[in-house]
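For reference, the structure is listed below as structure tokens.
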Amino acid sequence: MHKLLLLGLSALLFCTIAHGIVCNVCSGGNGKLCYSKVELCKTDTGKCYTYASYLDKELYYVSYDCLHHDYLIWYCNKTEKDERYTHVATCCETDKCNGEIPRLPWS
Numbered sequence: 001m002h003k004l005l006l007l008g009l010s011a012l013l014f015c016t017i018a019h020g021i022v023c024n025v026c027s028g029g030n031g032k033l034c035y036s037k038v039e040l041c042k043t044d045t046g047k048c049y050t051y052a053s054y055l056d057k058e059l060y061y062v063s064y065d066c067l068h069h070d071y072l073i074w075y076c077n078k079t080e081k082d083e084r085y086t087h088v089a090t091c092c093e094t095d096k097c098n099g100e101i102p103r104l105p106w107s
């Protein structure tokens with residue numbers, strides 16, 4: 001009986017840990033609408049990701065998706081300036097938490 005109970009608890013713990021998170025997906029848009037159909041993705045080991053590009057201080061491009069854990073260090077919570085463009089990326093860890101447009105840090 002104890003073995004069966006232990007097996008059941010182990011399976012429950014595994015299912016809870018392996019659940020992952022569900023993220024919103026938009027392959028590209030202008031901040032007001034998504035150019036592609038808005039969908040969902042699931043990541044078991046990563047995070048939800050949102051990327052925004054600004055031309056000067058005007059929102060130019062937005063995308064959001066699942067991000068595999070191998071890329072978290074490169075793409076999460078980064079802001080980069082490239083001449084007139086500013087690229088802002090954020091990550092989050094709860095279901096459907098992405099898609100809100102990241103703001104410029106100095107605005």
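Note that the working numbering has the sequence shown beginning at 1, numbered continuously upward. C-beta: ideal position from N, C-alpha, C; glycine also. Just so you know, these numbers come straight off a predicted model, no measurement behind them.
Cβ neighbours of residue i in the same chain (closer than 8 angstroms, five flanking residues each side left out)
{"i": "residue 76", "result": "47, 49, 67, 89, 90, 91"}
{"i": "residue 63", "result": "26, 27, 28, 29, 50, 51"}
{"i": "residue 96", "result": "22, 23, 24, 40, 48"}
Euclidean distance between Cα positions of residue i and residue j
{"i": "residue 70", "j": "residue 28", "result": "22 angstroms"}
{"i": "residue 30", "j": "residue 103", "result": "14 angstroms"}
{"i": "residue 99", "j": "residue 53", "result": "13 angstroms"}
{"i": "residue 37", "j": "residue 65", "result": "12 angstroms"}
{"i": "residue 35", "j": "residue 101", "result": "15 angstroms"}
{"i": "residue 83", "j": "residue 59", "result": "15 angstroms"}
Same chain only: Cβ atoms within 7 angstroms of residue i, ignoring 5 sequence neighbours per side
{"i": "residue 94", "result": "21"}
request  = Any chance you could list the alpha helix (DSSP H) runs of at least 4 consecutive residues sitting entirely within the stretch 10-94, in chain order?
outcome  = 72-75
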